[in-house]
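Protein chains in written order, with our numbering: chain C, 132 to 710; chain B, 132 to 710; chain E, 132 to 710. Let me begin by presenting the structure, written as structure tokens, before commenting on it.
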């Protein structure tokens with residue numbers, strides 16, 4: 132009896148409750164709105180909300196050798212984020228709760244100092260800060276201006292002078308005078324004995340055409356010494372030089388320009404954390420001693436995979452690891468000390484190939500000649516086995532022919548093609564899940580809730596070539612990695628015969644894991660939203676996504692309005708800088 | 132005063148609210164039901180819901196050299212999933228909300244194409260698809276039929292002919308004629324100079340009993356050449372052959388059959404992503420040149436750990452990494468170039484042991500002779516120090532005795548035993564958390580919400596030997612890894628003297644991390660469910676767990692009804708195929 | 132019309148609903164309370180809730196060679212956890228729901244046994260337990276007592292006798308008699324041929340001052356043999372000995388004492404899983420053959436980086452990996468077999484430096500002489516480029532001068548300084564997010580919800596040097612790793628020239644990922660709490676955080692009350708043991 136009464140009341144209550152929970156508007160219409168609002172279309176991507184760009188950023192134009200103010204930079208003023216507008220017409224009672232935000236306005240330095248008693252102080256004092264929690268960031272004293280299209284926006288640490296010497300190196304020697312090679316050697320045998328010893332073992336110390344001495348590459352005037360780039364080496368090695376320079380996008384010849392002109396990793400982030408980007412990219416394009424290291428500049432050295440491995444390693448370019456995991460690499464490691472590395476890279480001279488053996492056949496310094504098609508380091512999908520690539524495919528098969536039958540080689544390449552194509556099905560399955568979240572406005576945070584990107588916009592990181600794993604939602608980060616690291620690794624593993632890499636560590640099984648992770652996060656986000664909708668909470672991404680000690684250093688917060696102007700762009704979709 | 136009124140109203144409201152929230156049934160009874168429903172018991176595991184198996188799958192019998200239709204395979208029809216039945220008797224008002232599902236029915240190709248304007252097209256065209264998002268999957272043109280008990284279900288890429296030549300290799304040479312060894316060499320010095328050079332350095336080029344030439348292993352008729360397996364090598368090396376073939380489950384001799392007959396990794400997944408499985412497993416069982424690589428077939432090579440490392444690496448068999456991290460491995464790397472590898476593997480000849488030194492003493496080719504007990508690659512727990520294994524334990528101590536005292540060796544083995552046993556306490560602690568979730572119906576998704584497994588069933592991945600990390604919930608994946616990768620790594624690290632591996636990277640500390648992760652996910656799932664119960668949302672796992680571009684390729688969706696029939700099985704718990 | 136009525140009712144309902152949802156107290160006041168309650172202050176950290184320490188723990192004093200009872204240890208009695216007190220004054224209707232806990236009280240062994248039929252049994256029987264799920268933990272038969280300040284609390288496995296022989300080694304040889312060196316060699320050429328062969332190649336076999344034979348290091352009485360430590364080696368190598376012993380905190384000379392006296396990894400965890408800790412730390416402090424391995428004790432060996440790499444690897448000390456990834460390391464690997472390692476470590480003798488080259492210049496055995504400042508393995512922040520470290524900085528520049536210009540070296544060190552300082556901004560940003568959670572009582576679990584730490588307290592793992600990744604919440608674990616593994620890796624990478632390591636794998640990009648992960652988890656925890664507050668659920672951390680088969684083995688549960696007494700401490704903040 133009581134039960135029945137309860138139920139009758141329930142019926143009434145339920146009806147009311149639904150109204151309270153979802154507001155007074157027609158439910159299905161409201162849902163449609165929520166879906167439509169942030170729906171991504173060709174238009175929204177091509178016209179990224181310019182009005183949302185930073186309004187009053189701090190100007191931070193780097194100048195060469197300019198001392199930065201030691202005073203803490205003023206925190207940039209966050210723009211007013213537009214509230215998601217919702218019609219409450221005719222329903223004044225709708226009072227949606229916001230999820231509770233952190234209330235503590237103290238800095239972390241203050242919080243920790245109050246707990247531990249440690250003093251708060253600048254991080255350049257030489258004092259020791261336990262766990263680094265009460266130190267305050269000061270930034271580098273000296274930065275060099277950036278280069279290229281976005282050069283106005285970013286800067287380099289002084290170390291760039293060694294990696295792009297043509298643009299940044301300036302001599303600073305105290306010793307003056309003009310010196311001949313013999314004199315250099317005499318003094319530097321004491322000053323820098325290592326490089327003298329290396330040079331003495333090199334071919335340069337006794338070429339048929341005479342000694343190539345210190346002055347040949349550095350000049351004679353000790354106060355105007357220079358650091359050689361490919362331009363200087365090319366004087367005696369024109370064939371290698373032209374090979375190096377013949378490469379197109381994706382080759383060594385583009386490694387630095389692409390890096391400094393177009394890559395958000397370099398542009399958008401503080402100079403302090405991207406030194407290593409500039410190092411590999413700078414050396415690869417600008418110098419020859421990345422592969423023939425100074426001062427013996429050895430051919431034998433460059434025939435081995437190790438120097439390639441310094442840059443061609445890890446995450447989005449696993450070439451070195453995958454080679455090392457293969458039979459080729461394992462045999463290299465186990466037996467290379469018994470091989471005569473002065474011999475040309477021919478099948479009869481070496482039991483297994485190395486990087487240069489396949490990619491720089493007969494010393495060809497344009498490694499792209501061995502390629503089929505540039506697929507943005509494996510992040511684009513292309514079937515290299517398609518009929519239109521017959522010739523390039525045959526070239527590869529010929530490369531293997533020193534030791535393998537053409538059918539074996541073709542089967543391996545086919546297996547690579549199929550593995551790559553299959554790997555993209557997982558990535559697309561994940562992306563469907565993520566795009567649905569985006570279109571339903573359920574990412575946490577949505578792009579608008581983050582710091583602006585280096586162009587000052589709030590764009591979805593998984594479209595438009597902006598893929599990143601900083602300043603994004605968790606699911607975007609995982610998805611980005613799934614394409615750039617994992618899908619890519621399958622390609623690199625199969626291309627280099629790394630069985631383990633193709634499945635376990637970085638391959639198919641890791642992709643499975645990532646796919647589960649993407650779905651799992653999507654499920655959480657949807658369940659939370661459904662609950663919030665039901666009880667009338669309007670979740671707004673927490674402010675810690677937009678601001679924080681590091682996040683406030685990102686370029687999007689620091690650029691001037693107008694730095695980037697789409698009307699100045701030559702190519703569609705490009706974000707261009709006003710001169 | 133107002134406060135008091137509010138409270139009185141609250142009392143009434145609260146009572147009503149509870150009714151609304153939980154429906155009209157007795158709350159505790161309802162909870163008990165929810166708990167009971169999916170409770171796992173011996174019966175539910177042994178009779179996995181056969182009625183839930185796919186009803187109308189697409190038949191995809193692979194045939195050798197059969198061209199697949201290029202038309203996109205019809206999407207398999209998902210079975211109607213039975214709604215969890217709930218009694219609403221006498222309570223018509225109960226209107227449980229479902230959490231909102233994605234509404235966008237467009238494919239990811241359509242979504243991205245509409246945003247970017249990129250064309251949608253097949254992935255075998257040779258066109259470049261940016262990020263691969265608008266490409267559509269075509270699958271391999273040519274597949275070979277599978278082998279063994281489940282051979283009807285799965286298939287291989289053509290590359291399998293090199294890894295199981297006895298079954299799949301067919302000659303296809305254009306050149307015809309019968310050739311003597313000398314003629315082979317003459318022509319192949321030009322065609323494949325690498326392998327001729329290798330062979331010339333080999334013992335085969337000048338044995339006491341005469342030259343072992345090309346024809347000995349490949350035949351004389353150029354249009355009927357064959358690829359040798361252990362059967363051919365055994366003709367001259369009967370002792371090694373019988374050692375190789377004497378191994379039991381877990382040995383090289385079973386590596387391929389177990390792989391193709393019983394392993395869900397191989398069976399359940401598309402051929403395109405498991406080539407690497409077939410490679411290692413195929414070579415290990417079928418060929419001898421996995422360890423003595425062609426064409427010098429060197430003893431010295433097989434004495435070094437590198438070739439072992441191609442397969443015995445990573446995740447569920449970290450032998451190579453753990454050896455390399457140990458003193459033994461570090462000294463190997465640093466000094467091996469100074470050792471005479473033609474000498475037998477005896478303590479006085481080598482400063483440190485290698486894989487073969489301990490596991491293939493005196494050239495014994497049945498590595499299991501050195502074992503105590505096969506523990507499914509370390510995923511089963513057994514105390515190797517128990518009295519019943521006294522003899523095997525003593526064998527190991529004798530192996531160490533070349534350089535170490537018996538007490539030192541015994542202490543090391545004891546430390547391994549204890550570390551392994553302790554590591555299983557973490558795994559069991561995690562599994563208690565996961566099983567409670569399962570029994571409370573709180574996994575997200577539950578097995579029924581996933582694609583069927585290769586047998587057509589919906590089974591809990593952590594029981595019954597089906598452990599997997601694809602097509603499972605996040606917590607099952609983490610748990611699976613905790614046993615197979617991490618618990619296992621502790622064993623492999625301690626067995627091989629890898630101090631770092633036993634604690635940091637892949638050992639005890641990673642286990643701690645995994646345990647925290649399992650609990651953290653369990654807490655989230657329980658909190659979400661409690662909230663949903665409270666507000667009357669009935670969460671049903673989102674459909675993206677069951678279907679997706681990749682998921683629809685899994686074998687469970689593609690098999691014919693009746694392929695697997697438990698009544699045809701010899702062993703209990705086995706899923707057997709109808710002939 | 133119906134709509135309008137609905138809305139009017141909604142207004143009333145909404146007001147009531149809010150009251151129901153948040154109870155009858157003033158909402159903002161209640162929120163303030165919730166924030167205040169667990170707020171961390173200097174006082175709360177310095178006086179960690181002593182009353183919360185274990186009241187009736189199981190005493191488990193390890194004794195040397197004591198047989199542990201084979202009976203399963205009684206489960207420790209969990210202390211009554213104080214309920215968070217909340218005033219419900221004047222509001223008897225407030226009935227907050229608790230999130231549902233697991234109901235199944237069976238052990239995991241019972242659950243699995245009922246499903247699979249596998250028998251439950253002890254893990255030391257030698258039986259094979261599939262997946263190890265029905266085995267029960269027995270623990271080691273024999274343990275040795277711990278050492279130092281906390282020696283009463285923890286214990287070692289017997290293997291410790293080899294790593295701290297001065298304290299734990301006891302002779303046990305069956306063979307009796309006094310032997311001269313020649314006799315040792317005669318017999319051991321058969322017994323342990325490896326070490327005899329190694330010794331014969333060593334300098335010890337033919338020094339100018341006569342043979343250093345077996346007896347010199349092990350004694351002559353076969354039943355009283357000893358294992359040598361640095362004390363014995365120092366008799367002939369006093370300079371090296373005093374260098375080794377001169378090191379301060381952070382040096383080899385402190386490696387074991389710090390390990391056994393102060394490190395929670397060793398103290399708080401079961402002996403079975405920390406053998407590897409004791410191995411590296413023990414060898415580093417107590418023995419010389421960690422670097423000059425027995426029995427050739429070679430100088431050349433210790434000049435190579437490999438032996439250093441056994442311990443200086445991984446996670447919180449990535450020195451070896453970072454060196455190997457650099458040009459220095461890559462050239463070492465590719466060419467080291469061509470170098471004469473008997474030569475002193477001078478620039479003209481080696482193309483690239485090794486560990487010892489820079490850190491032990493001229494054979495200095497106190498590696499700290501090459502340091503600027505000890506920063507707790509990189510977990511503290513200090514600017515090594517600050518003016519006060521001018522001299523130490525110059526020393527490093529001089530080290531590089533063999534091959535590099537002083538400006539190049541200074542630029543590299545500057546880039547390291549700046550990268551480190553920047554990396555700490557990410558860590559501090561993350562810590563602000565975590566501390567806010569802590570202060571808002573939103574960690575899941577909060578410290579009180581976990582097992583007590585080794586001191587018997589419930590402290591926040593990210594303060595007070597207790598950082599750990601076991602027995603903590605997920606976000607604490609991630610944060611801990613962010614400092615100790617990732618922030619640290621940036622320093623180690625930049626210090627050793629590892630470009631990849633500084634950005635990709637373990638550097639800046641991984642930090643970004645960790646920061647996203649911390650924020651993502653914080654967002655989830657806040658959204659869940661906001662929902663629970665709204666609907667009147669009082670979440671209490673699930674009991675699985677506090678107890679479990681492994682967790683119950685942690686030292687915090689097993690120590691006696693009074694073992695640790697702050698009043699006995701000399702230094703503030705230390706947890707000291709009562710004698």
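Quick reminder that beta carbons are idealized off the backbone N, C-alpha and C, glycines included. Every value quoted in this text rests on a predicted model; they were computed, and no experiment measured them.
Among the options, whose alpha-carbon lies nearest the alpha-carbon of residue i?
| i | options | result |
| --- | --- | --- |
| residue 278(B) | 620(B), 608(B), 564(B) and 288(B) | 288(B) |
| residue 233(B) | 685(C), 481(C), 676(C) and 661(C) | 661(C) |
| residue 285(C) | 628(C), 325(C) and 402(C) | 402(C) |
| residue 519(C) | 331(B), 518(B), 257(B) and 645(B) | 257(B) |
So with CB distances below 8 Å, who are the chain E contacts of residue i?
| i | result |
| --- | --- |
| residue 272(B) | The contacting residues do not exist; residue 272(B) stays about 37 Å from chain E at best. |
| residue 334(B) | Those within 8 Å of residue 334(B) in chain E number zero; the least Cβ separation is about 25 Å. |
Given residue i, which residues of its chain have a CB within under 8 Å of its CB, disregarding the five upstream and five downstream residues?
| i | result |
| --- | --- |
| residue 523(E) | 502, 503, 504 and 515 |
| residue 342(B) | 312, 335 and 336 |
| residue 297(E) | 360, 362 and 417 |
| residue 235(C) | 242 |
Is residue i close to chain E? Criterion is C-beta to C-beta, closer than 7 Å.
| i | result |
| --- | --- |
| residue 400(B) | no |
| residue 639(B) | yes |
Ignore the nearest five residues each way along the sequence and tell me which others in residue i's own chain have a CB closer than 6 Å to its CB.
| i | result |
| --- | --- |
| residue 413(E) | 294, 295 and 387 |
Taking C-beta pairs closer than 8 Å, name the residues in chain B that residue i reaches, listed in chain order.
| i | result |
| --- | --- |
| residue 470(C) | Here the premise fails: no neighbours, minimum Cβ distance about 11 Å. |
| residue 102(C) | For residue 102(C) there is no data in the structure shown, the boundaries of chain C being 132 and 710. |
Cβ of residue i less than 7 Å from any chain C Cβ?
| i | result |
| --- | --- |
| residue 337(E) | no |
Skipping 5 residues on each side, what residues in its chain have a beta carbon closer than 7 Å to that of residue i?
| i | result |
| --- | --- |
| residue 405(B) | 396 and 397 |
What in chain C is Cβ-close to residue i, meaning under 9 Å?
| i | result |
| --- | --- |
| residue 545(E) | 271, 272, 273, 288, 289 and 290 |
Step through the CB atoms of chain B and report whether any lies within less than 7 Å of the CB of residue i.
| i | result |
| --- | --- |
| residue 239(E) | yes |
| residue 575(E) | yes |
Name, please, each residue of chain E whose Cβ falls closer than 7 Å to the Cβ of residue i.
| i | result |
| --- | --- |
| residue 659(C) | 658 |
For a contact meaning CB atoms closer than 7 Å, what does residue i contact in chain B?
| i | result |
| --- | --- |
| residue 644(C) | 600 and 608 |
Practice item. Using a Cβ-Cβ cut-off of less than 7 Å, give me the residues of the stretch 661-680 of chain C that come near chain B, in sequence order. Key: Those would be 661, 662, 665 and 666, in chain order.
Check your understanding: Of all the residues that make up the stretch 369-387 of chain B, which are near chain C by a beta-carbon distance shorter than 9 Å?
Key -> none
Point to revise | Interface positions of the stretch 522-536 of chain B facing chain E (Cβ-Cβ less than 7 Å), listed along the chain | key: Within the stretch 522-536 of chain B, contact with chain E at the beta-carbon level (separation under 7 Å) is assigned to 532, 533 and 534.
Practice item. Identify each residue in the stretch 240-261 of chain E for which the Cβ-Cβ distance to at least one residue of chain B is less than 9 Å, and report them in chain order. Key: 240, 242, 243, 245, 246, 247, 248, 253, 254, 255, 256, 257, 258, 259, 260 and 261
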